[in-house]
Amino acid sequence: MTTGTITPYRSDVRAGRDGFGQLLRAEWTKFRTVRGWVIGMIAAAVVTVLLGLFAASGIGASCNGHACSVAVGPGGGAVTDSFYFVHRTLNGDGSITVRVTSLTGGATSDNPGGGGTAAQPWSKAGIIIKQGTGQGSAYAAMLVTGSHGVRMQYNYTGDTAGPAGAVSAASPRWLRLTRSGDTLTGYESANGRTWTRVGTVGLAGLSPAVQAGLFVSSPPYARVTSQHLFGSSGVTNGPTTATAVFDHVSTHGIGPGGAWRGQQLGGDTDLVQGGGYHQADGRFTVSGSGDIAPLVAGPATLGVTVEHVLAGAFAGLIVVVVVGAMFISAEYRRGMIRTTVTASPRRGRILVAKAIVIGAAAFVAALAAAATVVPLGEGMVRRNGNVVYPVAPLTEVRVVAGTAALIAVAAVLALAIGAILRRSAAAVTAVIVVIVLPYILARLAVLPVGAAQWLLRITPAAGFAIQQSLPQYPQVSNAYTPLNGYYPLAPWAGFAVLCGYAALALGLAIYLVRRRDA
Amino acid sequence: MSQARHAGSATMREALHAEWTKLRTTPGTIWLLIGVIALTVALSVAAAAAATCSSAGCGQDPAKVSLTGILLGQAVVVILAVLAIGGEYSTGMIRTTFAAMPRRTTVLAAKAAILTGLVLTAGTIAVFASVLAGRLILPGHGFIPAHGYPLLSLGDGPVLRAAAGSVLYLALIALLSLGAATAVRDSAAAIGAVLGLLYLFPIIAAVVTNPHWQRHLDQIGPMSAGLAIQATTGLRSLPLSPWAGLGVLAAWAAAALVAGGLLLRLRDA
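Chains as they are written, first to last, in our numbering: chain B, 97 to 614; chain C, 63 to 331.
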């Protein structure tokens, strides 16, 4: 017996590199060389743009007869700035103090005989210091509301709650607003002697001469009258008015020519009724209509949101889902998967590489489409006689890039489901149904609001929240329902739900692909 | 000689037999049919459980609510119908089929007939169970005679029309899908096309605010028009009458089948 060791055969050829970069390149080559898939991605972008433009051109004129414009607040968002203002010019530092003894609702077209009734929950009466009478200018106000107590509000979106309770002759409410430089401080009192600070705000760049005075507003009402086959519904809306009585009005720091002037601000729509005021024995009776608040989308507002022109993204999503599912199922159908796993035996990494390739391709196609259709569609909507709600630039970026990301994640979800089921037909149907059907059930009023909101929390359709451009404000009464474009989850939270499903599916797919025979 | 004539004369019956055998022995078929029934009934039950009617004139349509599941069940019908021919293309079986039966339109007609029979059967069970669930659940949610809603019953003309129409709706969706799959020859692409056709019309109609456009989109969309058959209340506000709506879907299905049949004759398999 020989005792020498036998050296096993080793090939002289250097081993090929097995980096993740190589794998990515291999998958990218597979994607790019199948003509149908590349055409599919381009088609996804094209249908997104075309369908978006089609929808935009079908948005009928909504501001006939009204000035077609929306006020923009200091924060860059759309605001409504219409109320009755009884004001004087305040020069430099100073303060204004009043006592509010009543706030009641007036007659409306919905309730013609109903004078002297309860005010709307968010009817407002109080004192305000405002940069000027221009639409959307900066302000801070101390006010009483119909049923939300005393508040300090500023710059349309800011809202600080004071004590609760309605005002009446038996329980009046004292309000005070003082200005010191750029800082405004609001106080309230039940008796005019002991004051409680409600809030302090800084209004940067406030000019020395500002308008200070009394104001009353009352937001329009809206009622859904009929529900149609798929969500199109009949709505009646109209203005409401409120009347407030002020006394013990005192101001400090009023310059020369400081007579009281009454003026209706904003309100060139039929949802606002002109107001007025009456002064006798130191008592001011002011009636007003409209609202001083951020704009929200709902049956009582006219206008088009950015996401309306992105409706074509659904078509793009469906096409991308088809390509995403085929990207893996075609390997199984043609037997290519055996070559793939032979070349790269670490199977989990194959799926990750595929997900990156299909996700990136879908993202680029969808981003190009969304970035094209938003400016084109908005222009079209404006030319047709509509207002497009202005949003802050970052919000617009979030809506456009978010839509692209949504489509990219849908492609990854389709890939993962395709790898789990190994069949494109079932995978395509499953992904389209879990993303699009809940949206239809929820957004198009097939289900009641509560159920609709749950669907948009727990299904992948929650991801569409990333498209919501107008935030929800507790201090503005509105039907914040899916039908009006309001999602129950915050934009990124909703998107995270979709990503969670995609991650879960990809994890399961990796587990199965490693465990199963190819 | 006699053998050749025999082959020529009895093709339709043989085609039916062949298609029935193929569909029956495909492992997925039975599960897809069970899926149609289960998902339709599940969503219908969920919709009925979520619906409430607190007062008279709450504007709800109990028949429509209890048939909501059709929206989900139709997706499984689409898979079944697309795979009936798409599966043959993906495995190459289609070449064997046409070698055995050179009359391609006969093959397509046989597939359509077998598919319609299967979907009508599954659809009838699904719709019957959905209406039964609505009948049991809805009275507990305020759909009571005091609010203007008698007990849901198939003896009631409009309810029977909504139920029977929903079964026909599923069958027409199957034919539309079969036609589309024959034209496209790829299962995934055909399913994407059919689901896009069904779901996109109502989504776009909801964005468009011009009432004329909205009405026309609801009239021509295969899903929004076809589901008009489910309406039992507020018929006058519908964009088109229930049977006309189902007719629109039938026209879509016929167009898809004709296009598929023509392409089938013209192209190589």
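Cβ atoms here follow ideal geometry from the backbone N, Cα and C, with glycine treated the same way.
In the DSSP assignment, B:T436 falls within the unbroken alpha helix (DSSP H) covering M432 to A439.
Per DSSP, the continuous alpha helix (DSSP H) segment holding C:Q281 begins and ends at P273 to I282. Spanning the alpha carbons of B:H404 and B:S346 requires a straight line of approximately 49 Å. Closer than 8 Å to the CB of C:T244 there is not a single CB belonging to chain B. One thing to note: B:D343 has its Cβ no nearer than 8 Å to the Cβ of B:G384.
By the rule that beta-carbons nearer than 8 Å mark a contact, B:V542 touches chain C. With a minimum length of 4 residues, the unbroken runs of alpha helix (DSSP H) contained wholly in the stretch 144-169 of chain C fall at 155-162.
For the 8 Å CB-CB criterion, B:Q571 and B:P587 do not form a contact.
For C:W275, the nearest beta carbon of chain B is closer than 8 Å to its own beta carbon.
Two segments are said to touch when three or more pairs of C-beta atoms, one from each, lie closer than 8 Å; by this definition the stretch 416-428 of chain B does not touch the stretch 468-476 of chain B. In this structure, B:S520 is the residue among B:S520, B:A467, B:S440 and B:T339 with its C-alpha nearest to the C-alpha of B:G420.
Residue environment: B:F116 is assigned as exposed (fewer than 16 neighbouring CB atoms within 10 Å of its CB, all protein chains considered). The shortest C-alpha to C-alpha distance from C:M74 to any of C:D123, C:V127, C:S106 and C:A174 is the one to C:A174. By the CB criterion at 8 Å, C:V193 and C:L214 fall inside the cutoff. Pairing C:L257 with C:M155, the inter-Cα distance amounts to about 25 Å. Against chain B, the beta carbon of C:G217 has no neighbour under 8 Å; the closest one sits roughly 25 Å away. Residues of the stretch 384-412 of chain B whose Cβ lies closer than 7 Å to any Cβ of chain C, in chain order: H404, A407, F410 and A411.
Per the C-alpha coordinates, the member of B:S153, B:G334, B:G394 and B:T296 positioned closest to C:P273 is B:S153. Residue environment: B:M248 is assigned as buried (16 or more neighbouring CB atoms within 10 Å of its CB, all protein chains considered). Taking a Cβ-Cβ cut-off of 8 Å, the neighbours of C:T114 in chain B comprise P544, given in sequence order.
Contacts between B:I155 and chain C, judged by CB atoms closer than 8 Å, involve V269, V270, T271 and N272 in chain order. At a beta-carbon threshold of 7 Å, none of the residues of chain B lie near C:P284; the nearest stands roughly 13 Å away. Note on geometry: alpha-carbon atoms of C:A143 and B:V484 lie some 43 Å from one another. In terms of CA proximity to B:G372, B:T339 leads the group B:Q227, B:T339 and B:A598. Secondary structure remark: continuous alpha helix (DSSP H) runs of at least 4 residues inside the stretch 376-462 of chain B, in chain order: 409-430 and 432-439. Under the Cβ criterion of 8 Å, B:R539 is counted among the residues facing chain C. In this model, C:G97 and C:F190 are separated by some 15 Å (Cα to Cα). Of all alpha-carbon atoms in B:V196, B:V609 and B:P534, the one lying nearest the alpha-carbon of C:L134 is that of B:P534.
For C:L133, the chain B residues whose Cβ falls inside 8 Å of its Cβ are L533, I536, L537 and V542, in order along the chain. Just so you know, the alpha carbons of C:G296 and C:W275 end up roughly 20 Å apart. For B:A340, the enclosing beta strand (DSSP E) starts and ends at T337 to I350. As a beta-bridge residue in DSSP terms, B:K220 pairs with B:T241 and B:S313. In the three-state reduction of the DSSP assignment, B:Y373 falls in the strand class. Within 8 Å of the CB of C:A250, the CB atoms of chain B belong to V418, A421, M422, S425, S520, A521, A523 and V524, in sequence order along the chain.
Residue environment analysis places B:I102 among the exposed positions, since fewer than 16 neighbouring C-beta atoms fall within 10 angstroms of its C-beta. When CB distances to chain B are screened at a threshold of 8 Å, the residues of the stretch 250-265 of chain C falling below it are A250, A251, I253, G254, L257, G258, Y261, L262, P264 and I265, in chain order.
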